[in-house]
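One structure is given here, and the rest of the page talks about it.
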Ligand SMILES: Nc1ncnc2c1ncn2[C@@H]1O[C@H](COP(=O)(O)OP(=O)(O)OP(=O)(O)O)[C@@H](O)[C@H]1O
Ligand SMILES: [Mg+2]
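Numbering (the working numbering), first residue to last: 41 to 469.
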């Protein structure tokens, strides 16, 4: 039960579902592809959490239950990335609970949400927790319905912000490697952070995501874009091809039967739906300047421009950066990746000379490595699958960290939660 609505209506048994509960459950929409980790101190809480994980509304979410409370979580997250949601059971009294949470927040990524299942029915504590960034405080005993409802209230609420962060990748010229980098960064995000990633290949005529991920789906992005009125989460699900444990693809048809002239808003419904269904959306935008490609770049949470170190790339990047800065005055400038650097005998513009007129520092410089890239492309494998130790794979991993707002895995940034809890304890002094 949550303090806010069910505090005095506790179910007696953690596992049973009453008629009332069943009715409440039926009103809930499916939970998106989020990762959830629970740390439970008692079987009385662990068991309804496990049952919740088996509920059909949670079928897309990845839920893992650990025994052990906040102390176990702190130890665990010293070396592992935090998921989209952490469920923590704690029998500690309020003061100690707040202290433990402050400690945990040191290892918690800012985007992770936290729900506490406590044993103290204390309105003061509830208010303090909510103020300090905890998404909900639920008092034990809890039922399976309570768990599904609380997860749902955080991630499914139609009023809530879409959970997904969209990252658009575009090349400054054709063939610079923008798609290859987009796919590899998406793959790195899904495997490093165990976070669900959807890749949308927007190059309908010539897209290569299907080749790079070795997929041949019957349907894909074209179905969605030619019948936008049908696009909802269920429909989108059917169009996604699973490429890896946490990675799915909206593949391009890569055929020329149709032509692909779209309205500026043609992809809006699709992008919006995808952002409601997974925490990360990678948009592989072809190198064109049209109403719809411009609109996608303007609306994305992040834009990554890939360029090779040559004059035409510099000119195009400059135009794109200036335009995007103008159209997105309240956002940071696009990110720059310099790719295919060091082609033998090719005169190139050095990274400093390249970035100086743009006013942005490249987030990465990737060397020209035809053997590695060629083998990966021809075998439908990611670079990390071909040669996990290659320095280029290390750079791709770094890009994945930066684009998801994570610093290095080991030295994590203090979470929003932590700074808030810090402020709280200072105020009390
Ligand atoms: N650093 C690199 N070294 C060597 N080859 C590379 C590198 N980066 C990309 N490539 C290769 O360059 C080719 C073009 O890559 P890709 O299709 O990703 O580019 P693009 O910018 O998306 O092109 P398009 O304009 O067709 O969308 C691919 O064969 C890819 O394997
Ligand atoms: Mg491409």
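Note that CB positions come from ideal geometry on N, CA and C, so glycine has one too.
Residue 357 to residue 179, Cα distance in whole Å?
Here residue 357 corresponds to residue number 317 of the chain shown, with the count starting at 1. Here residue 179 corresponds to residue number 139 of the chain shown, with the count starting at 1. For residue 357 and residue 179, the distance between alpha carbons rounds to 54 Å.
Straight-line Cα distance separating residue 425 from residue 229
Position 189 of the chain shown, counting from 1, holds the residue named residue 229. Position 385 of the chain shown, counting from 1, holds the residue named residue 425. Cα to Cα, residue 229 sits roughly 14 Å from residue 425.
For residue 357, is the beta carbon positioned less than 7 Å from some heavy atom of ligand 2?
Locating residue 357 in the chain shown gives position 317, where the first residue counts as 1. Residue 357: no, Cβ never under 7 Å from ligand 2.
Could you check whether residue 79 and residue 133 sit closer than 8 Å to each other, using their CB atoms as the reference points?
For the purposes of this step, residue 133 is identified with residue 93 of the chain shown, where counting begins at 1. For the purposes of this step, residue 79 is identified with residue 39 of the chain shown, where counting begins at 1. It is not a contact, given that the beta carbons lie outside the stated cut-off.
Output the boundary residues of the beta strand (DSSP E) element that contains residue 211.
Locating residue 211 in the chain shown gives position 171, counting from the first residue. Residues 205-211.
So what does residue 323 bridge to, in DSSP terms?
Locating residue 323 in the chain shown gives position 283, counting from the first residue. Note: residue 323 sits in a beta bridge opposite 208, 240.
Is residue 217 close to chain D, meaning its C-beta is less than 8 Å from at least one C-beta of that chain?
This model lacks chain D altogether; it includes just one protein chain.
Can you give me the C-alpha to C-alpha distance between residue 349 and residue 432, rounded to a whole angstrom?
Start at 1 with the first residue of the chain shown, and residue 349 comes out as number 309. Start at 1 with the first residue of the chain shown, and residue 432 comes out as number 392. Cα-Cα distance, rounded: 17 Å.
Looking only at its chain, what residues have a beta carbon closer than 6 Å to the beta carbon of residue 137, apart from the 5 residues adjacent to it on each side?
The residue you call residue 137 lines up with position 97 of the chain shown. Excluding positions up to five away in sequence, the list reads 130.
Can you list the beta strand (DSSP E) stretches of 3 or more residues lying completely in the stretch 341-367, in chain order?
342-347
First and last residue of the alpha helix (DSSP H) that includes residue 310?
Stepping through the chain shown from its first residue, residue 310 is reached at position 270. It spans 308-317 - the alpha helix (DSSP H) in which residue 310 sits, taken as one unbroken run.
Cα-Cα separation, residue 259 to residue 175:
Translated into positions along the chain shown, residue 259 becomes position 219. Translated into positions along the chain shown, residue 175 becomes position 135. In a straight line, the C-alpha of residue 259 is about 38 Å away from that of residue 175.
What is the C-beta distance between residue 289 and residue 188, in whole angstroms, given that I count them as a contact (C-beta under 8 Å)?
On the chain shown, residue 289 is found 249 positions in, with the first residue counted as 1. On the chain shown, residue 188 is found 148 positions in, with the first residue counted as 1. About 28 Å; that fails the 8 Å criterion.
With the cut-off set at 8 Å, would you say residue 437 and residue 326 are in Cβ contact?
Reading the chain shown from its first residue, position 397 is the one you call residue 437. Reading the chain shown from its first residue, position 286 is the one you call residue 326. No, the Cβ-Cβ distance between residue 437 and residue 326 is not below 8 Å.
Use the C-beta contact count for residue 381: other C-beta atoms within 10 angstroms, 16 or more gives buried, fewer gives exposed.
Mapped onto the chain shown, residue 381 falls at position 341. Result: buried.
Does at least one heavy atom of ligand 1 sit under 7 Å from the Cβ of residue 405?
Position 365 of the chain shown holds residue 405. Checking every heavy atom of ligand 1 against the Cβ of residue 405, none is found closer than 7 Å.
Taking all protein chains shown into account, decide if residue 362 is buried (16 or more other Cβ within 10 angstroms of its Cβ) or exposed.
Taking the first residue of the chain shown as 1, we reach residue 362 at position 322. Exposed, because fewer than 16 other Cβ atoms sit within 10 Å of the Cβ of residue 362.
Distance cut-off 7 Å: residue 248 Cβ against heavy atoms of ligand 2
Within the chain shown, the letter at position 208 stands for residue 248. Within the cutoff, so yes.
Indicate, with yes or no, if ligand 1 has a heavy atom lying under 7 Å from the CB of residue 380.
Translated into the one-based positions of the chain shown, residue 380 becomes position 340. True, at least one ligand heavy atom lies under 7 Å from that Cβ.
Enumerated in chain order, which unbroken segments of the alpha helix (DSSP H) with a length of 4 residues or greater are wholly contained in the stretch 97-121?
110-117
Specify whether the stretch 70-79 and the stretch 107-122 touch according to this definition: at least 3 beta carbon pairs, one from each stretch, less than 8 Å apart.
yes
Between 92, 106, 84, 307, which lies nearest to residue 191 when the distance is taken from Cα to Cα?
The count along the chain shown starts at 1 and reaches residue 191 at position 151. Among 92, 106, 84, 307, the Cα nearest to that of residue 191 belongs to 92.
Quick test of your reading: residue 400 and residue 376, contact by CB under 8 Å. State the CB separation rounded to the nearest angstrom.
Indexing the chain shown from 1 puts residue 400 at position 360. Indexing the chain shown from 1 puts residue 376 at position 336. At roughly 5 Å, the Cβ-Cβ gap stays under 8 Å, so residue 400 and residue 376 are in contact.
Just the Cα atoms here: how many angstroms apart are residue 70 and residue 262?
By 1-based counting over the chain shown, the position of residue 70 is 30. By 1-based counting over the chain shown, the position of residue 262 is 222. Going from the Cα of residue 70 to the Cα of residue 262 covers about 25 Å.
I think residue 204 touches residue 321, with their Cβ atoms under 8 Å apart; what is that distance to the nearest whole Å?
For the purposes of this step, residue 204 is taken as the residue at position 164 of the chain shown. For the purposes of this step, residue 321 is taken as the residue at position 281 of the chain shown. Indeed they touch by this definition, with Cβ atoms about 5 Å apart.
Name, in chain order, the residues that DSSP records as bridge partners for residue 78.
As a working note, residue 78 is residue 38 in the chain shown. Residue 78 is bridged to 105, 127.
Going by C-alpha to C-alpha distance, which of 413, 96, 101 sits closest to residue 286?
Your numbering for residue 286 matches position 246 in the chain shown. Ranking 413, 96, 101 by Cα distance to residue 286 puts 101 first.
For residue 383, I'd like the list of residues in its chain whose CB is within less than 7 Å of its CB, leaving aside the five on either flank, ordered along the chain.
If you number the chain shown from 1, residue 383 lands on position 343. Excluding residues within five positions, the ones whose Cβ falls inside 7 Å are 408.
Own chain, CB closer than 7 Å to residue 451, minus 5 neighbours either side, in chain order:
As a first step, residue 451 must be located in the chain shown, where it is residue number 411. At residue 451, the pLDDT of 37 sits below 50, so the modelled position is not reliable; the number obtained from the coordinates is stated separately. Counting only Cβ-Cβ distances below 7 Å, and skipping sequence neighbours, we find nothing.
Of the residues 335, 283, 386, the one placed nearest residue 422, counting alpha carbons only
The residue given as residue 422 occupies position 382 in the chain shown. For the residues 335, 283, 386, the minimum Cα distance to residue 422 belongs to 283.
Quick one: complete alpha helix (DSSP H) runs, 4+ long, within the stretch 254-302?
261-266, 273-279
Going by the DSSP bridge assignment, what does residue 69 pair with across the sheet?
The count along the chain shown starts at 1 and reaches residue 69 at position 29. Paired residues: none, contrary to the question.
Between the C-alpha atoms of residue 240 and residue 168, what's the straight-line distance to the nearest angstrom?
Within the chain shown, numbered from 1, the residue matching residue 240 stands at position 200. Within the chain shown, numbered from 1, the residue matching residue 168 stands at position 128. Cα-Cα distance, rounded: 41 Å.
Grouping DSSP H, G and I as helix and E and B as strand, with all else coil, what is residue 381?
Counting from one through the chain shown, the residue named residue 381 turns up at place 341. In the structure shown, residue 381 sits in a strand (DSSP, three-state: E or B).
Taking a contact to mean a Cβ-Cβ separation below 8 Å, would you say residue 312 touches residue 202 in this structure?
Taking the chain shown and counting its residues from 1, one reaches residue 312 at position 272. Taking the chain shown and counting its residues from 1, one reaches residue 202 at position 162. Contact flag set, yes.
In whole angstroms, give me the CA-to-CA distance for residue 145 and residue 151.
Residue 145 sits at position 105 when you count from the first residue of the chain shown. Residue 151 sits at position 111 when you count from the first residue of the chain shown. Cα-Cα distance, rounded: 11 Å.
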